[in-house]
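Asker: As you go down the protein sequences, you meet chains D and C in turn.
Per the working numbering: the first sequence = residues 1 to 815.
Per the working numbering: the second sequence = residues 1001 to 1314.
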Amino acid sequence: MKEQLVVVGAGMASGRALEHLFESDPDRYEVTLINAEPRGNYNRLMLSPVLSGEKTYEEIVTHDDDWYGENHVTTLFGHAVTRIDRDRRIVVTKSGETAYDKLLLATGSAPFMLPLPGADLEGVMPYRDLDDVNRMLDAAEMNESKAVVIGGGLLGLEAAAGLRLRGMDVVVLHVMGHLMDRQLDASAAYLLQKDLERRDIKVHCKANTKAILGSNRVEAVLLEDGTVYPADIVVMAVGIRPETRIARDAGIEIGRGIIVDDAMRTSDPHILSIGECVEHQGMVYGLVAPLYDQAKVVAKTLLDEEAAFKPVELSTKLKVTGVDLFSAGDFAEGDDREDIVFRDPGRGVYKRLVLKDNRIIGAVMYGDTADGAWFLSNIKDGTDVSGMRDTLIFGPAFAGGAQMDPMAAVAALPDEAEICGCNGVCKGKIVEAITAGGLTTLDQVKAVTKASTSCGTCTGLVEQVLAVTLGDDFVMPTVKPICPCSDLTHEDVRRLIKARELKSMPAVMQELGWKTSCGCHVCRPALNFYLLADWPLEYGDDSQSRFINERAHANIQKDGTFSVVPRMWGGVTNPRELRAIADAAEKYDVPMVKMTGGQRVDLLGVKKEDLPAMWADLNAAGLVSGHAYSKGLRTVKTCVGTDFCRFGTQDSTGLGIKLEKRLWGSWSPHKIKLAVSGCPRNCAEATCKDIGIVCVDSGYQIGVGGAAGMDLKEVEPLASVPSEQEAIDITVAFVQLYRENAKYLDRAYKWIAKVGLEWVKEQVVDDLGNRAALVARFDLSQSVYQVDPWAERASTAAHPEFTPLADFSMPEAAQ
Amino acid sequence: MQARILDTVETAQSFIQATEIWVPDAAGTRLVRSDGLYGLHGAFGSDSSGHSFAMGQGLPGRVWAEGRPIILNDVQDGTFVRADSAERAGLTAAAAVPVYAGNLIKGVLVMLCGDPDFGVGAIEVWHSNNAPGSVMELDGGFYGSAKQFCEVSERTAFKRGQGLPGGVWASKTPMLMRDLGRGYGFVRAESAGAAGLTTGLGIPVPAPGGSSYVLTLLSACATPIARRYELWDVVPGRGGQKAIGALVDGLCDIDGPLWGTERRIQPWQGPVGRAMATGVPVAEVPSGTHRYEGMVALPVHAHGEVTHVVAWFF
Chain D
1 MKEQLVVVGA
11 GMASGRALEH
21 LFESDPDRYE
31 VTLINAEPRG
41 NYNRLMLSPV
51 LSGEKTYEEI
61 VTHDDDWYGE
71 NHVTTLFGHA
81 VTRIDRDRRI
91 VVTKSGETAY
101 DKLLLATGSA
111 PFMLPLPGAD
121 LEGVMPYRDL
131 DDVNRMLDAA
141 EMNESKAVVI
151 GGGLLGLEAA
161 AGLRLRGMDV
171 VVLHVMGHLM
181 DRQLDASAAY
191 LLQKDLERRD
201 IKVHCKANTK
211 AILGSNRVEA
221 VLLEDGTVYP
231 ADIVVMAVGI
241 RPETRIARDA
251 GIEIGRGIIV
261 DDAMRTSDPH
271 ILSIGECVEH
281 QGMVYGLVAP
291 LYDQAKVVAK
301 TLLDEEAAFK
311 PVELSTKLKV
321 TGVDLFSAGD
331 FAEGDDREDI
341 VFRDPGRGVY
351 KRLVLKDNRI
361 IGAVMYGDTA
371 DGAWFLSNIK
381 DGTDVSGMRD
391 TLIFGPAFAG
401 GAQMDPMAAV
411 AALPDEAEIC
421 GCNGVCKGKI
431 VEAITAGGLT
441 TLDQVKAVTK
451 ASTSCGTCTG
461 LVEQVLAVTL
471 GDDFVMPTVK
481 PICPCSDLTH
491 EDVRRLIKAR
501 ELKSMPAVMQ
511 ELGWKTSCGC
521 HVCRPALNFY
531 LLADWPLEYG
541 DDSQSRFINE
551 RAHANIQKDG
561 TFSVVPRMWG
571 GVTNPRELRA
581 IADAAEKYDV
591 PMVKMTGGQR
601 VDLLGVKKED
611 LPAMWADLNA
621 AGLVSGHAYS
631 KGLRTVKTCV
641 GTDFCRFGTQ
651 DSTGLGIKLE
661 KRLWGSWSPH
671 KIKLAVSGCP
681 RNCAEATCKD
691 IGIVCVDSGY
701 QIGVGGAAGM
711 DLKEVEPLAS
721 VPSEQEAIDI
731 TVAFVQLYRE
741 NAKYLDRAYK
751 WIAKVGLEWV
761 KEQVVDDLGN
771 RAALVARFDL
781 SQSVYQVDPW
791 AERASTAAHP
801 EFTPLADFSM
811 PEAAQ
Chain C
1001 MQARILDTVE
1011 TAQSFIQATE
1021 IWVPDAAGTR
1031 LVRSDGLYGL
1041 HGAFGSDSSG
1051 HSFAMGQGLP
1061 GRVWAEGRPI
1071 ILNDVQDGTF
1081 VRADSAERAG
1091 LTAAAAVPVY
1101 AGNLIKGVLV
1111 MLCGDPDFGV
1121 GAIEVWHSNN
1131 APGSVMELDG
1141 GFYGSAKQFC
1151 EVSERTAFKR
1161 GQGLPGGVWA
1171 SKTPMLMRDL
1181 GRGYGFVRAE
1191 SAGAAGLTTG
1201 LGIPVPAPGG
1211 SSYVLTLLSA
1221 CATPIARRYE
1231 LWDVVPGRGG
1241 QKAIGALVDG
1251 LCDIDGPLWG
1261 TERRIQPWQG
1271 PVGRAMATGV
1281 PVAEVPSGTH
1291 RYEGMVALPV
1301 HAHGEVTHVV
1311 AWFF
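(1) Looking at the C-beta of valine 468(D), does it have a partner C-beta in chain C at a distance below 8 Å?
(2) Would you mind stating whether glutamate 511(D) and threonine 803(D) have Cβ atoms separated by less than 8 Å?
(3) If I follow the unbroken beta strand (DSSP E) through tryptophan 1022(C), where does it start and stop?
(4) Give me, in chain order, the residues of the same chain whose beta-carbon lies closer than 8 Å to that of glutamine 1013(C); leave out the 5 immediate sequence neighbours on both sides.
(5) Under 8 Å, Cβ to Cβ, is there at least one residue of chain D near methionine 1136(C)?
(6) Apart from the five residues just before and just after valine 341(D), which ones in its own chain have a Cβ nearer than 6 Å to its Cβ?
(7) What number of angstroms, rounded off, separates the C-alpha of valine 508(D) from the C-alpha of alanine 299(D)?
(8) Does chain B have any CB closer than 8 Å to the CB of glycine 322(D)?
(9) Under a three-way DSSP split, which group does histidine 280(D) fall into?
(10) Of the residues Val1108(C), His1041(C), Gly1058(C), which one's Cα is nearest the Cα of valine 1300(C)?
(11) Have a look at alanine 247(D) and aspartate 129(D) and give me their C-alpha separation to the nearest angstrom.
(12) Closer than 8 Å between beta carbons: that is the criterion. Which residues of the segment 473-502 of chain D meet it against chain C?
(13) Can you list, in chain order, the residues of its chain whose CB lies under 8 Å from that of arginine 634(D), leaving out five sequence neighbours each side?
(14) Which residues in the same chain have their Cβ closer than 6 Å to the Cβ of glycine 362(D), if we skip the five residues on either side of it in sequence?
(15) Whose C-beta lies closer than 7 Å to the C-beta of alanine 289(D) among residues of the same chain, with five residues either side of it excluded?
(16) By Cβ distance, which residues of its chain are closer than 7 Å to glutamate 1305(C), with the 5 residues on each side in sequence left out?
(17) So, for tryptophan 514(D): in the same chain, excluding its five sequence neighbours on each side, which residues have a beta-carbon less than 7 Å away from its beta-carbon?
(18) Looking at glutamine 1269(C): is its Cβ nearer than 8 Å to the Cβ of valine 468(D)?
(19) Quick check: the Cα distance between glycine 251(D) and leucine 104(D), rounded to an integer number of angstroms?
(20) Looking at the secondary structure, which residues open and close the alpha helix (DSSP H) in which phenylalanine 1149(C) lies?
(21) Under 7 Å between beta-carbons, which chain C residues line up against leucine 611(D)? List them in chain order, please.
(22) Return the first residue and the last residue of the alpha helix (DSSP H) that proline 126(D) is part of.
(23) Note down, in chain order, each residue of its chain lying with its Cβ closer than 8 Å to the Cβ of leucine 623(D), except the 5 sequence neighbours on either side.
(24) Helix, strand or coil: which one does DSSP assign to arginine 1082(C)?
(25) Which partner residues does threonine 316(D) have in the DSSP bridge list?
(26) With a threshold of 16 other CB atoms inside 10 Å of the CB of asparagine 143(D), please say whether the residue is buried or exposed.
(27) In angstroms, rounded to a whole number, what distance separates the CA positions of glutamate 740(D) and glycine 706(D)?
(28) Can you tell me the Cα-Cα spacing of glycine 214(D) and aspartate 225(D), whole angstroms?
(29) Could you compute how far the alpha carbon of lysine 310(D) sits from the alpha carbon of aspartate 262(D)?
(30) Is the CB of lysine 1159(C) under 8 Å away from at least one CB in chain D?
(31) For proline 269(D), does the count of other Cβ atoms within 10 angstroms reach 16, so buried, or fall short, so exposed?
(32) Evaluate the contact criterion for the segment 677-685 of chain D versus the segment 637-652 of chain D: three or more CB pairs, one atom per stretch, below 8 Å.
(33) Buried or exposed for glycine 1078(C), going by 16 or more other Cβ atoms inside 10 Å?
(34) In whole angstroms, what separates the C-alpha of serine 504(D) from that of lysine 1106(C)?
(35) Which one of Asp559(D), Gln557(D), Pro525(D), Leu532(D) has the shortest CA to CA distance from glutamine 544(D)?
(36) Using the rule of at least 16 other Cβ atoms within 10 Å of the residue's Cβ for burial, across every protein chain shown, is glycine 346(D) buried or exposed?
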């Protein structure tokens, strides 16, 4: 049963709150949205461009009927809530009552109307919503119409500029000494006034309005000093007051606004509030950024999650086309403050920073606001700027001298300039391919022109040609580099190791410009694998570049002990092996002996210092490492085929054993799991393995790219072959192709998704020559790497890393 | 392949039928063609390929000599050197707009239109001598078949800050108006609505001398001037930092409003980036899409730097 959430007010804060709520838990609440305005949520900030004609109302609607429908929001627009009955938990409108479990008040602000004589004449209006905008537009259609705007703050000036664009003669009256006195200092306000006057908007500061004159409708405005301005409309933009009436009448705690805590709860536990109507820690808000933060917080509170509203530093933007203005922080005068000022009179630029204790506390900019965001972040962070005082006013970019622009260099290249040396592709060919072929990505350019398909060093250049040709339609791919030691991706590094024949880690790091002296825990395992895969004879495996499991050749458990899994070929064992495993379990006090999903036995809880001896014992029985820990071949599961099964079509067990004996010991980009099923009943679950073979009457169906872990995926068909030998060859070739091309830690299914199954088929199925070459290279690698690591490490004398550092069996050691 | 086919959209014929960019040659003594989009008028394009214009010669040269935008309602009037070729192509009117960085001419944009009885739209040049109390008056305009709107415009003047020409004049900033048929308190709005003109692009045209010029392109749905508009605000680079262009407004018949998209562009990135970097107008077939036959990126300069780029796609 859903809880009932009633939201009063369809402003910007409530719209955002509902978005957050539905994103997190769309099923918790049944929502009713009530709005006094006869319309839904729209971007009130954009009313000024609608007034001026630079936007339409439709463009600024944020949530339309479709959105309300999709989110099952019941809407009551044009209905003002007149009363809240907190005891019965209902809200009352003229059309009836709506019950709530939770109530969100987002009633916004009411415009403050000066209580002047004549303020109730027709033609006197606030500037708050679309209805006000429409009334202003109606007035603008009158010939030679005149507007007086009372209030030279943000809203008043936006109204003035919009009305002027619509053809009215406009006067702005402002009671303080300069415009936007809360956001600007006098110098910036002077420049702003000049800009407005350039638009023939008359500005009268220190203007105290005495009365609004007219009989039935407004005709003029009278000031205290006797000045009279004729007017067809008077727009009052003198401030807003939080709209708290229904909350106050309901007995909810009120200050200047509806008082809320950090989680946006009011004094009533079932009622929350956000937006311009709230008061939080004594502050009320009239700019949108903090309201959006409040919306995030209230959505969490409604879902019983912890969240707290933290007010942050705000900046101001005046939405008048052609006026470039920025202000943030505190820029009042004071003895403990200092100013840094920059003026460029010819360009109408003024910038002022206010510093206190070597920190920027305020910034005002007019005419050049490019660095506004940077100054704001310095204000928010309280950065100590003492080290950059000399150049601070010039912003973050001051470095002296122009840098060479690589994009300009590429743009300046003639069409004949060679971009890809390996394949002889010039700039003109690439540009033509992009333009004529509608190409938009690097991969498409590579496919069509072959540029960047060999050594890869020209990839950056090709991307720049794309950017120069397409503009911001081409998004420079934000590829993830291999690690912080390098800007190259895994694919780049693999390609370059081959292309430049880099055969050691120092060679890779030196030639490819590694930023660290010896790599890190991320790149070293990857580089180690790439090198041993590409250069099996020349490169020696570096155990220091391996994860603990691969160094210890056992799986570490949560208590620091290890698990030991001997290999059981194709899941088939014999009494001698079972006895050896049982003996080892007893001899080394193994706490748990368990069957694995891979059809073998796991000895769990083995102490590290016992590993070499246990391995020696298992080796003596002919058992080798099951590599249950490695990025290599894990298991080849089988079900019984023609040996015993009534339904067996082929010798699935025999094939599985042959495959395991061929593939074991090889390192690969990630673990490889195989299975061979004797018939389509698939008892070995071959269809969710990296390579899965299902035997049929006519032969063997090979599928690849399955997964049965966090991702669940069925194999895709690679080939159907009549003979066992062919099945083995294709499997081995596939493994080698995967080893030579995949990104380290990409499972086979992820790699296939990147390169495409068709390409894989071409390499290992269709091209017999290539298949044979892959098999040959795999066997070459196996000539080095198919060794039992247990046998290599069975003697602790040779491998002291398995000896404990301290002997806690001796009580004296603990003293 | 499939994606490209879906990307092509049936379009109404454009009001502007050919677009050219002429730039100073290396010696700076003649204007040569750097870009040309001729649509169905390939022959006219070919005829134009050998031409160049000295200062005062032909329409581009005249714009250069007089330092102001010019509209020729009849290309057979003797100014237009390629008059015969234009007649064969059915091109009857031309508008030429100079792009100045201070006193230095960076290029001339030439737009050519066809039969004056076909199509509704407006290409206008507004002028003020900036004397105290002066207004913006129509210096020239081509309106296609919107004859009544033409007559009204000839009788209309705009005060500073008033209407699209006055707004652009006062703010020195390009503007894109959506509904031309509302407000303004005079007959032009009414007749704009009657003519079906809906979108208005206003662009300041800085020029040497003390006068102000504004180019307005008013578009109707039936024969649009453009199907997509982009207004880019350019923050000049300084201290080693690159300039950045930010998309501040725009409209597209398919994508809808383009403001609020947070798009940024660097110098040299695509045609808009090139206009930003070079300060020279660009006209070309846009890459990466088959939606448009052509686009123009027109830079606007102030204080020796590019401060805006206006792009339209048709």
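Using N, Cα and C, we set each Cβ at its ideal position, and we do this for glycine too.
These figures come from a predicted structure and were not determined experimentally.
Answerer: According to the structure data:
(1) yes
(2) no
(3) 1016-1024
(4) Gly1119, Thr1223
(5) no
(6) If we look at valine 341(D) and ignore the five residues flanking it on each side, its Cβ neighbours are Arg352.
(7) 51 Å
(8) No chain B is present in this structure, whose protein chains are D and C.
(9) DSSP, reduced to helix, strand and coil, places histidine 280(D) within a strand of the structure shown.
(10) Closest option to valine 1300(C), Cα to Cα, is Val1108(C).
(11) 22 Å
(12) Asp473, Phe474
(13) Excluding positions up to five away in sequence, the list reads Gly598, Gly626, His627, Ala628, Lys671, Ile672, Lys673.
(14) Cβ contact annotation for glycine 362(D) (same chain, cutoff 6 Å, sequence separation greater than five): Gly329, Asp330, Phe331, Val354, in chain order.
(15) Once the five neighbours on either side are set aside, the close Cβ partners of alanine 289(D) are Leu314.
(16) Pro1236
(17) Cys485, Ser486
(18) In this structure, glutamine 1269(C) lies near valine 468(D), with their beta-carbon atoms less than 8 Å apart.
(19) 15 Å
(20) 1147-1154
(21) Simply none; closest approach about 57 Å.
(22) Taken as a continuous stretch (DSSP letters only), proline 126(D) belongs to no alpha helix (DSSP H), being part of the beta strand (DSSP E) at 124-126.
(23) Pro566, Arg567, Glu577, Ala580, Ile581
(24) Look at arginine 1082(C) here: in three-state DSSP terms it is coil, with no helix or strand label.
(25) Ser327(D)
(26) exposed
(27) 19 Å
(28) 19 Å
(29) When rounded, the separation of the alpha-carbon atoms in lysine 310(D) and aspartate 262(D) is 7 Å.
(30) yes
(31) Per the 10 Å Cβ criterion, exposed.
(32) Contact between the segment 677-685 of chain D and the segment 637-652 of chain D is present, because at least three Cβ pairs lie under 8 Å.
(33) exposed
(34) 55 Å
(35) Pro525(D)
(36) exposed
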